[in-house]
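*Asks:* The sequence shown: position 207 = 270 (our numbering), numbered continuously.
Below you will find the structure I want to go over with you.
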Amino acid sequence: MKMKLGVVNVVSASILDKWGYLALQEKNLRRVMGNDVEIVYESGNNCIEETSIELLFNPFFTFLDGKVLLEKLYKLQESGCDGVIISCSLDPVLAEARSLLKIPVVGAVEACVYSACMAGPKFGFLVHRDRRCKEMTEDAVWRYGLQGRMSPSVYGSERYDELVLDAFKNPELVREEIVNGCKEVLEQGAHSVILGSTSLANLATACGISSIPGYDAPVFDPICVGAKMIEYRVGLQRSLGIPPTSHAGTYRPFPEAHRKEAMSVFEFAN
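Have a look at this one:
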């Protein structure tokens, strides 16, 4: 299906490009979406490398960065994107974006947890080795009302942490670490694995890890699942006229007569 997909990464493009993350993400999404889909990328605040990951896990700085992310999402809509995905396993500014934009907006983890529910009764997360990542991912599942479907989360190995930056140039370096982590998630009672870190997800997809031998259990990459969810939502909108977001309550948009004035007051890109 021909469409224009917008992808917003939270960490700045300069840092992601330096690591080799962007090239890997682009390759994975191109493989999943095909050549009919135009993919446009934006990213969050520029910050020094040492603080880029810390920013993701700090609620105060996530709030500060939220305005930038919303401006980038709005820019993608105004440039003609049919739908946008927030490429972050914490699904930041999702509600805010849905009350602002007129196109489908998908959170990566949100798309994954509902997809995983169709694969089996329980799903579990393999997460970045940081307690905050685990807690914030689990908080997201509570927001989506699926806490009863979630088995215990599992941290990635210390060796994975040591190899991850080099692995963006050679994903096979961490294949065994990812597979072993996924097995541990399944042993905790999950029927499928969600990769609760975009780095883990990019590397797993680059290695072709989509199921675990001996278990025949799915492994979900939130970025790729989210992108396909956008394709699905755009298809429903085009073929059946189903609105991308309900304006019946929570996501009711700001009155159009005052929208530009409000954006100007808060120095929002317009």
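Using N, Cα and C, we set each Cβ at its ideal position, and we do this for glycine too.
Note that this is a predicted model, so its numbers are computed, not measured.
1. Does the separation of the CB atoms of LEU258 and SER152 fall below 9 Å?
2. Taking 8 Å as the cut-off, is the CB of PRO318 close to at least one heavy atom of the ligand MG?
3. Check whether the Cβ atoms of GLY197 and SER216 sit closer than 9 Å, and answer yes or no.
4. Is it the case that the Cβ atoms of SER150 and GLY289 are separated by a distance below 9 Å?
5. Can you name the start and end residues of the alpha helix (DSSP H) that VAL172 belongs to?
6. Name the DSSP bridge partner or partners of GLY187?
7. Looking only at its own chain, which residues have a Cβ that is under 7 Å from the Cβ of ASP284, when we skip the five neighbours before and after it?
8. Return helix, strand or coil for TYR207, following the three-state DSSP convention.
9. Pick from GLY97, ASP279, GLY107: whose alpha carbon is nearest that of VAL131?
10. Since I believe LEU68 is in contact with ASP145 (beta carbons under 8 Å), could you give me their beta-carbon distance rounded to a whole number of angstroms?
11. Can you name, in chain order, every residue of its own chain whose Cβ lies under 6 Å from the Cβ of PRO234, other than the five neighbours on each side?
12. So what does DSSP say about MET64, is it helix, strand or coil?
13. Since PRO155 is in the beta strand (DSSP E), which residue starts that stretch and which ends it?
14. Mind checking whether GLY187 and GLN251 have CB atoms under 9 Å apart?
15. Under the DSSP definition of a beta bridge, which residues are partnered with ASN72?
16. Measuring alpha carbon to alpha carbon, tell me which residue in PRO167, LYS65, ILE102 is nearest ILE305.
17. Here's the rule: buried if 16 or more other CB atoms are within 10 angstroms of the residue's CB, otherwise exposed. What is ARG296?
18. From this set, GLY143, GLY183, LEU303, which residue's C-alpha is nearest ARG212's C-alpha?
*Replies:* Taking the geometry as given:
1. Mapped onto the sequence shown, residue 258 falls at position 195. Mapped onto the sequence shown, residue 152 falls at position 89. Between LEU258 and SER152, the gap from beta carbon to beta carbon is short of 9 Å.
2. As far as ligands go, the structure on display features none, and thus does not contain the ligand MG.
3. Translated into the one-based positions of the sequence shown, residue 197 becomes position 134. Translated into the one-based positions of the sequence shown, residue 216 becomes position 153. Per the sequence shown, residue 197 should be read as Lys rather than Gly. Yes, these two residues count as a Cβ contact at 9 Å.
4. Translated into positions along the sequence shown, residue 150 becomes position 87. Translated into positions along the sequence shown, residue 289 becomes position 226. Taking 9 Å as the cut-off, the Cβ atoms of SER150 and GLY289 count as close.
5. The sequence position of residue 172 within the sequence shown is 109, counting from 1. For VAL172, the enclosing alpha helix (DSSP H) starts and ends at 171-180.
6. Taking the first residue of the sequence shown as position 1, residue 187 is located at position 124. According to DSSP, which records beta bridges pairwise, GLY187 is partnered with VAL256.
7. Stepping through the sequence shown from its first residue, residue 284 is reached at position 221. Excluding positions up to five away in sequence, the list reads LEU258, ALA264, ALA267, THR268.
8. The sequence position of residue 207 within the sequence shown is 144, counting from 1. Coil at TYR207, not helix or strand.
9. Residue numbering aside, residue 131 sits at position 68 when the sequence shown is read from its first letter. Each of GLY97, ASP279, GLY107 was checked against the Cα of VAL131, and the nearest Cα belongs to GLY107.
10. Indexing the sequence shown from 1 puts residue 145 at position 82. Indexing the sequence shown from 1 puts residue 68 at position 5. Between LEU68 and ASP145 the Cβ distance is about 7 Å, and since that is below 8 Å, they are a contact.
11. Along the sequence shown, one-based indexing puts residue 234 at 171. Exclusion of the five residues before and after PRO234 leaves LEU266, ALA269, CYS270 as the residues of its chain whose Cβ lies within less than 6 Å of its Cβ.
12. Along the sequence shown, read from residue 1 onward, the residue named residue 64 stands at position 1. Assignment of MET64 by DSSP, reduced to helix, strand and coil, places it in the coil class.
13. Position 92 of the sequence shown, counted from the start, is the residue given in the question as residue 155. Boundaries cannot be given for PRO155, as no beta strand (DSSP E) includes it and DSSP labels it neither H nor E.
14. Here the question's residue 187 lines up with position 124 in the sequence shown. Here the question's residue 251 lines up with position 188 in the sequence shown. Yes, they are a contact pair.
15. Here residue 72 refers to the residue found at position 9 when the sequence shown is read from its first residue. Paired residues: SER106, SER150.
16. Counted from its first residue, the sequence shown places residue 305 at position 242. Closest by alpha carbon: PRO167.
17. Taking the sequence shown and counting its residues from 1, the one referred to as residue 296 is at position 233. That one is buried.
18. Taking the sequence shown and counting its residues from 1, the one referred to as residue 212 is at position 149. With respect to the C-alpha of ARG212, the residue from GLY143, GLY183, LEU303 having the closest C-alpha is GLY183.
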